[in-house]
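Read through the structure below, which is laid out as C-alpha cells, and then see the notes.
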Amino acid sequence: MHELSLVASMFETLLEQARVHNARRITGVKIQIGALAGVVPDLLESAFDAYKKGTIAEDAVLTMVKPPFTIRCRACGHETVRTDFVMACTNCASVDLEIIHGMELILEKIEMETDDAPPPS
Amino acid sequence: MTKKDVFVLQDILLSNAQAAAAIRLELESRGILAVNLLSSPGAGKTTLLEALADRFKGRARMAVIEGDIETERDAERVRAKGVPAWQITTGGACHLEAKMIGKVLPGVPTDIEFLFIENVGNLVCPAGYDLGERLRVVLLSTPEGDDKPKKYPQAFVTAHVLILSKADLRPHLRFDVEKARAEALALNPRLAVFIISAVTGEGLDDLAAYLFRAREEIASRA
C-alpha cells in the first residue's frame, strides 16, 4: 500500500512541468506500470483521484499502460513473456536472461492546456 | 489556449532514485557497504543484526538504521550490543524511502565499514524503493512457509542475497529448504542463498565472510 507515496512523487513532476510549460490545467497523465513493479493499478488510480483534488490536475484522466514481464535470453536472443516471473528461457532453457519489460514505473506523458502560443506548424 | 503533450518518460520515483544515488556515492566513496534488509515482520532481521554484531566485534565497525512504524525497540536491542543505531519511525508508512535515510546519514559515524538498514517489516512495499544500498538482502524464516518467493516476487527478484532464517526450527516444521531455494532461484538465478540460525550459529560464518568480501570489493574501488 505505497501507491499514495508514488502519486505524491508523480505530482512533484506534474506540478514542475505545469510551471515550466505555463499550463492552465493538466488534462491527462499517461504512465507505465510494469507487471512486477509492485503496484496495484486500481489502488494507484484511487490514490491519483484523491490526490488531484484542488490541484492543477483536478480534471486529469489517468491512463495506465501495463507492460507484461518480458525477458530476453542472452544465449539465444529469444524473448518471452512470463506471467510466473520465472527467469528461464522457453527456447533454450538458459537462465542467463535480462528483464526487458515489467519493472517499469514510468511517467510517460502529460497532457496540458497552456497559455503559450502553439508551436509553428 | 493551446493543447500540449509533454513527453517526460521518467521514473515516477525519480526523486527517490536521485536521493538513493547520492547516498550510494557518499557511502561507497568512504568504503562503507550498505545493506538493506527486507522481510515480513518477525522473520528475524533484528536478531540477525544482533548475531552479526557479536561476530563483527573486534573485526569491523558497523552501524544500523532501523525502520519501524512505531517504537524505538529495535534500535535499543542493537545499541545493547554496543552498535550505534538510529531509529526511523515512519508513523504508519509501510516502507523506508531514500530521503529518510538521507536525513539520518549526517549523524552516522564515517569510520564504519558496514551500514545495515533494517526496513519496515513488509515483504511488499519496501521492494520498490532503492535506499542507496549495495546489497539487498531478503530474509524468509522457516515458520513463514517455503511457498513465499512466488507469492511476493518483487522482493526476491530485486534482492542479491536470500537468507533462510530460523533454520533451527526445521525439525518442527514442514518447511522444505530445497523447495524454497529452488523457487527463489527460479525467479532470480543470481541470488546468493544462506541458511542460518541465530540461535545455533548455523550459516553465520559463511554469511559474515560473504559480507566481508562484498565490503572489500567496495573498499578497493573507493
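As given, the protein sequences belong to chains A and B, one line each in that order. Note that the numbering used here has the first sequence beginning at 2, numbered continuously upward. Note that the numbering used here has the second sequence beginning at 2, numbered continuously upward. C-beta: ideal position from N, C-alpha, C; glycine also. Remember, predicted model here, so these are calculated numbers, not experimental data.
Using a cut-off of 7 Å between C-beta atoms, extract the partners of residue i located in chain B.
i: A/Leu-106; result: Asp-12, Ile-13 and Leu-14
i: A/Val-96; result: Pro-190
Run down chain A in chain order and give the residues with a C-beta less than 7 Å from the C-beta of residue i.
i: B/Asn-189; result: Met-88
i: B/Met-2; result: Arg-25, Glu-114 and Asp-116
Is residue i helix, strand or coil when you go by DSSP?
i: B/Arg-135; result: coil
i: A/Thr-64; result: strand
i: B/Ile-219; result: helix
i: B/Phe-157; result: helix
i: B/Asn-123; result: coil
i: A/Asp-50; result: helix
i: A/Arg-26; result: strand
i: B/Gly-108; result: helix
i: A/Arg-73; result: strand
i: B/Ala-183; result: helix
i: B/Phe-195; result: strand
i: B/Met-63; result: strand
i: B/Ala-24; result: Checking the displayed sequence, the identity of residue 24 of chain B turns out to be Ile instead of Ala. In this structure, B/Ile-24 counts as helix in the three-state DSSP scheme.
i: B/Val-79; result: helix
i: A/Val-8; result: helix
i: B/Ala-94; result: coil
i: B/Leu-128; result: For clarity, residue 128 of chain B is Ala in the given sequence; the question names Leu instead. Residue state, collapsed to three classes: helix.
i: B/Gly-103; result: helix
i: A/Val-21; result: helix
i: A/Ala-58; result: coil
i: B/Asp-55; result: helix
i: B/Ala-44; result: coil
i: A/Ala-89; result: coil
i: B/Asn-189; result: coil
i: A/Ala-14; result: The question names Ala, but residue 14 of chain A in the sequence shown is Thr. Correct three-state label for A/Thr-14: helix.
i: A/Ala-118; result: coil
When DSSP builds the beta bridges, which residues end up paired with residue i?
i: B/Gln-11; result: A/Leu-108
i: B/Asp-177; result: For B/Asp-177, which the question treats as bridged, DSSP gives no partner whatsoever.
i: B/Phe-213; result: None, per the DSSP bridge assignment.
i: B/Asn-37; result: B/Ile-118 and B/Arg-137
i: A/Val-41; result: None; A/Val-41 has no bridge partner.
i: B/Ser-30; result: In the DSSP output, where bridge partners are listed per residue, B/Ser-30 has none listed.
i: B/Ser-142; result: B/Ser-166
i: B/Gly-68; result: B/Ile-89
i: A/His-79; result: The partner list for A/His-79 (beta bridge, DSSP) is empty, contrary to what the question assumes.
i: B/Asp-6; result: A/Glu-112
i: A/Ile-32; result: A/Met-65 and A/Leu-108
i: B/Leu-208; result: DSSP output for B/Leu-208 lists no bridge partner at all.
i: A/Leu-98; result: A/Cys-74
List the residues of chain A whose Cβ lies closer than 9 Å to the Cβ of residue i, in chain order.
i: B/Ala-128; result: Gly-39
Just to make sure I have the definition right: I need the residues of chain B whose C-beta is within less than 9 Å of the C-beta of residue i. Which are they?
i: A/Ile-111; result: Lys-5, Asp-6, Val-7, Phe-8 and Val-9
i: A/Glu-46; result: The contacting residues do not exist; A/Glu-46 stays about 14 Å from chain B at best.
i: A/Pro-119; result: Thr-3, Lys-4 and Lys-5
Can you tell me the Cβ-Cβ gap for residue i and residue j, rounded? I've got them flagged as a contact below 8 Å.
i: B/His-161; j: B/Arg-137; result: 5 Å
i: B/Gly-133; j: B/Ile-102; result: 6 Å
i: A/Glu-105; j: A/Arg-25; result: Not really, about 30 Å apart at Cβ, beyond 8 Å.
i: B/Leu-39; j: B/Ala-99; result: The Cβ separation is near 15 Å, so there is no contact.
i: B/Val-65; j: B/Phe-8; result: With a Cβ gap of about 42 Å, B/Val-65 and B/Phe-8 do not count as contacting.
i: B/Arg-62; j: B/Ile-113; result: 4 Å
i: A/Glu-65; j: A/Ile-34; result: In the sequence as presented, Glu is not what sits at residue 65 of chain A; that position holds Met. So it is a contact: roughly 5 Å between Cβ atoms.
i: B/Thr-201; j: B/Asp-169; result: 5 Å
i: B/Leu-49; j: B/Ser-166; result: 7 Å
i: B/Leu-124; j: B/Ala-156; result: 5 Å
i: B/Ile-197; j: B/Leu-34; result: That pair is no contact at about 18 Å.
i: B/Asp-206; j: B/Phe-195; result: The Cβ separation is near 10 Å, so there is no contact.
Under 7 Å: does the beta carbon of residue i sit that close to some heavy atom of the ligand ATP?
i: B/Leu-141; result: Absence of the ligand ATP is noted for the structure shown, with no ligands found whatsoever.
Counting only Cβ pairs nearer than 8 Å, list the residues of chain B close to residue i.
i: A/Ile-32; result: Ile-13
| message | Residues of the stretch 59 to 72 of chain A in Cβ contact with chain B at a cutoff of 7 Å, in chain order, please. | response | none
| query | Of the residues that make up the stretch 29 to 44 of chain B, which ones have a beta carbon closer than 8 Å to any beta carbon in chain A? | reply | With the criterion set as a beta carbon lying under 8 Å from some beta carbon of chain A, the stretch 29 to 44 of chain B has no members that meet it.
| said: To be precise: take each residue of the stretch 155 to 187 of chain B, compare its Cβ to all Cβ atoms of chain A, and keep it if any distance is under 7 Å. Which residues remain? | reply: Gln-155, Val-158 and Ala-187
| If you measure beta-carbon to beta-carbon, which residues of the stretch 108 to 120 of chain B are closer than 9 Å to chain A? | none
| said: By the 8 Å beta-carbon criterion, what residues does the stretch 11 to 22 of chain A contribute toward chain B? | reply: Within the stretch 11 to 22 of chain A, the qualifying residues are Met-11, Glu-13, Thr-14, Gln-18 and His-22.
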